[in-house]
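If you read the sequence shown in full-length UniProt numbering, its first letter stands for residue 1, the second for the next number, and so on.
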Amino acid sequence: MSRVIWKGAISFGLVNVPVQLHAATRPERTSFNLLDKDTADPIGYKQINKRTGKEVRRENIVRGYEYEKNNYVVLSDDEIRSASPESTQTVDILAFVEAYSVSFLYLDTPYYLVPERQGTKAYALLREALAKTGKIGIANVVLHNKQHLAALIPAGAVLALNTLRWGGEVLDIGDLSLPPADAKAAGVSPRELEMATKLIDDMTEKWEPEHYHDTFRDDILALVDRKVREGKTHEISEGARAPARTRTTADVVDLSELLKRSLGRGKGKHAA
Numbered sequence: 001m002s003r004v005i006w007k008g009a010i011s012f013g014l015v016n017v018p019v020q021l022h023a024a025t026r027p028e029r030t031s032f033n034l035l036d037k038d039t040a041d042p043i044g045y046k047q048i049n050k051r052t053g054k055e056v057r058r059e060n061i062v063r064g065y066e067y068e069k070n071n072y073v074v075l076s077d078d079e080i081r082s083a084s085p086e087s088t089q090t091v092d093i094l095a096f097v098e099a100y101s102v103s104f105l106y107l108d109t110p111y112y113l114v115p116e117r118q119g120t121k122a123y124a125l126l127r128e129a130l131a132k133t134g135k136i137g138i139a140n141v142v143l144h145n146k147q148h149l150a151a152l153i154p155a156g157a158v159l160a161l162n163t164l165r166w167g168g169e170v171l172d173i174g175d176l177s178l179p180p181a182d183a184k185a186a187g188v189s190p191r192e193l194e195m196a197t198k199l200i201d202d203m204t205e206k207w208e209p210e211h212y213h214d215t216f217r218d219d220i221l222a223l224v225d226r227k228v229r230e231g232k233t234h235e236i237s238e239g240a241r242a243p244a245r246t247r248t249t250a251d252v253v254d255l256s257e258l259l260k261r262s263l264g265r266g267k268g269k270h271a272a
């Protein structure tokens, strides 16, 4: 079961819906420990005073904001929390917007909102109203002492809270060298566009996330399992690696020819 991060409320207008905030994801990253090459002992780190070089005990470490070069204001956890008391443990809805109007570029981290027993009806009402209108809520929320903009999104039976990047965090595309936003101006012929559209149709399939895997993680775990079974727990060796297949790009051969060859290959990789 996903862990509870905090208990609070969704607030909009005069309505407050008591909820629990749950984690919605479980990272499956491939992580490595750093070891001493000679002894395989784990490598540790100390928190060091950069000026004196001496180790600092955890209880003597505080948070500071650098307002000028090498000048800090020290803030306690209580002071940070008190800076935005109304937002702490409250999903404070500021507005409702059309769901399609929020670009995926702004989406950050998803969470689940689960109603407390006394808020079940109000939770269901908000969820169904959002689904019916095609709207999502835009809210302020404080997580881990940091204020976030977030989207309140109906996702089946659950209301999801997806933190959003602030407007200034998403870079403008004005400095990028891009082809014109028009097929003819970009040199794309109607025939090429037709074939590309047909290829997309042929490769279109239902989104089933369980079909996709982190092959690097799978390969690393298989390699670790093999080395453990072989008793090679302290050896460093490189397994045989298949040569990378060179992909043909549109810069190498004619684009139309590539599209024709791709169309002949049929459905996407995960089709039955």
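Cβ coordinates follow ideal geometry from the N, Cα and C atoms, glycine included. Model, not experiment: these values are computed from the prediction.
Under 9 Å between C-beta atoms of residue 183 and residue 176: No, they are not a contact pair.
In three-state terms, what does DSSP make of residue 146? Assigned with DSSP and collapsed to three states, residue 146 falls in strand.
Here's the rule: buried if 16 or more other CB atoms are within 10 angstroms of the residue's CB, otherwise exposed. What is residue 209? Exposed is the call here.
Give the straight-line distance between the Cα atoms of residue 30 and residue 190, rounded to the nearest whole angstrom. Approximately 45 Å, taken between the alpha carbons.
To the nearest angstrom, how far is the alpha carbon of residue 107 from that of residue 36? When rounded, the distance between both Cα atoms is 40 Å.
Would you report the Cα separation of residue 4 and residue 211, rounded to the nearest angstrom? Spanning the two alpha carbons is a distance of roughly 29 Å.
Same chain, Cβ closer than 7 Å to residue 216, five either side skipped, listed in chain order: 30, listed in sequence order.
Distance CB(residue 150)-CB(residue 159) smaller than 9 Å: Going by C-beta atoms, residue 150 is not nearer than 9 Å to residue 159.
Taking the alpha helix (DSSP H) that residue 108 falls in, what are its first and last residues? For residue 108, no alpha helix (DSSP H) encloses it; the enclosing beta strand (DSSP E) starts and ends at 107-115.
Any 3 or more C-beta pairs closer than 8 Å across the region 114-131 and the region 17-34: Counting C-beta pairs with one atom in each stretch, the region 114-131 and the region 17-34 have three or more that are closer than 8 Å, which means they touch.
Would you say residue 130 and residue 91 are within 9 Å of each other, going by their C-beta atoms? No. Outside cutoff.
In terms of residues, what are the limits of the alpha helix (DSSP H) holding residue 15? From DSSP, residue 15 is part of no alpha helix (DSSP H) but of the beta strand (DSSP E) over 15-23.
Which class does residue 72 belong to by DSSP, given the choice of helix, strand or coil? In this structure, residue 72 counts as strand in the three-state DSSP scheme.
According to the neighbour-count rule (16 or more other Cβ atoms, all chains shown, within 10 Å of its Cβ), is residue 126 buried or exposed? Residue 126 is buried by the Cβ-count criterion.
Hey, residue 80 and residue 58: beta-carbon distance below 9 Å or not? Not a contact, by the Cβ cut-off of 9 Å.
Which residue wins for smallest C-alpha separation from residue 256, given the options 205, 195, 200? That would be 195, whose Cα lies nearest to the Cα of residue 256.
Just reading off the beta strand (DSSP E) that residue 163 is part of, what are its end residues? Counting along the chain, the beta strand (DSSP E) containing residue 163 begins and ends at 158-164.
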